[in-house]
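Residue numbers (our numbering): 19 to 114. Here the structure is laid out as structure tokens; the discussion comes afterwards.
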Amino acid sequence: MATTAVCPICNESASQVCAGCRDIQYCSQECQEADWCAHKLLCKTFAKMKFPPTQGMVRAIWFPPLGSKPQFLWLQVEQVASAGDIGFKYEARIGR
Ligand SMILES: [Zn+2]
Ligand SMILES: [Zn+2]
19 MATTAVCPIC NESASQVCAG CRDIQYCSQE CQEADWCAHK LLCKTFAKMK
69 FPPTQGMVRA IWFPPLGSKP QFLWLQVEQV ASAGDIGFKY EARIGR
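Listed below in structure tokens is the structure:
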């Protein structure tokens, strides 16, 4: 894939793909290690949720009320044009 990835840590151009999910790229081993404590929470799920069930869906984390565990879900993003402004409409579906 010839996408120009940017390292989420230092914003340099990235070329090292995370071997776990192949969904995020870093410029160096150091940056990958620096991000790991946060990314490890997402890595497995990213690998499972690599491809949206239908086009136009995006991954999101949902924090339910009353202290339940956060859940990943797919959001259906639909562009809504109305009277001069363009907004996004979100429709949530619990991901698996
Ligand atoms: Zn970096
Ligand atoms: Zn990963």
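We put the CB at the ideal spot given by N, CA and C, even for glycine. Note that this is a predicted model, so its numbers are computed, not measured.
Only counting the same chain, and skipping five residues up and downstream in sequence, which positions put a Cβ closer than 6 Å to that of residue i?
| i | result |
| --- | --- |
| residue 51 | none |
| residue 27 | 49, 52 and 53 |
| residue 88 | 79 and 81 |
| residue 44 | 25, 32, 34 and 50 |
When burial is assigned at 16 or more other CB atoms within 10 Å of the CB, is residue i buried or exposed?
| i | result |
| --- | --- |
| residue 47 | exposed |
| residue 73 | exposed |
| residue 37 | exposed |
| residue 122 | There is simply no residue 122 to check, as the chain begins at 19 and stops at 114 in what is shown. |
| residue 65 | exposed |
To the nearest angstrom, report how far apart residue i and residue j are at their CA atoms.
| i | j | result |
| --- | --- | --- |
| residue 93 | residue 80 | 10 Å |
| residue 56 | residue 84 | 23 Å |
| residue 3 | residue 35 | This structure cannot settle anything about residue 3, because the visible part of the chain is limited to 19 through 114. |
| residue 23 | residue 32 | 5 Å |
| residue 70 | residue 40 | 15 Å |
| residue 76 | residue 90 | 10 Å |
Does any CB atom of chain B fall closer than 7 Å to the CB of residue i?
| i | result |
| --- | --- |
| residue 84 | Going by chain labels, chain B is absent from the structure shown, which holds only one protein chain. |
For residue i, which residues from the same chain have a beta carbon less than 8 Å from its beta carbon, with the 5 sequence-adjacent residues on both sides left out?
| i | result |
| --- | --- |
| residue 19 | Confidence at residue 19 is low in this model, with a pLDDT of 45, below 50, so its placement is unreliable and no value can be given for it. |
Practice problem: Taking 6 Å as the limit, tell me which residues put their C-beta closer than that to any heavy atom of ligand 1, in chain order. | Solution: 25, 27, 28, 30, 44, 45, 46 and 49
Practice problem: Could you please go through the chain and list the residues whose beta-carbon is closer than 5 Å to any non-hydrogen atom of ligand 2? | Solution: Those satisfying the condition are, in chain order, 36, 38, 39 and 61.
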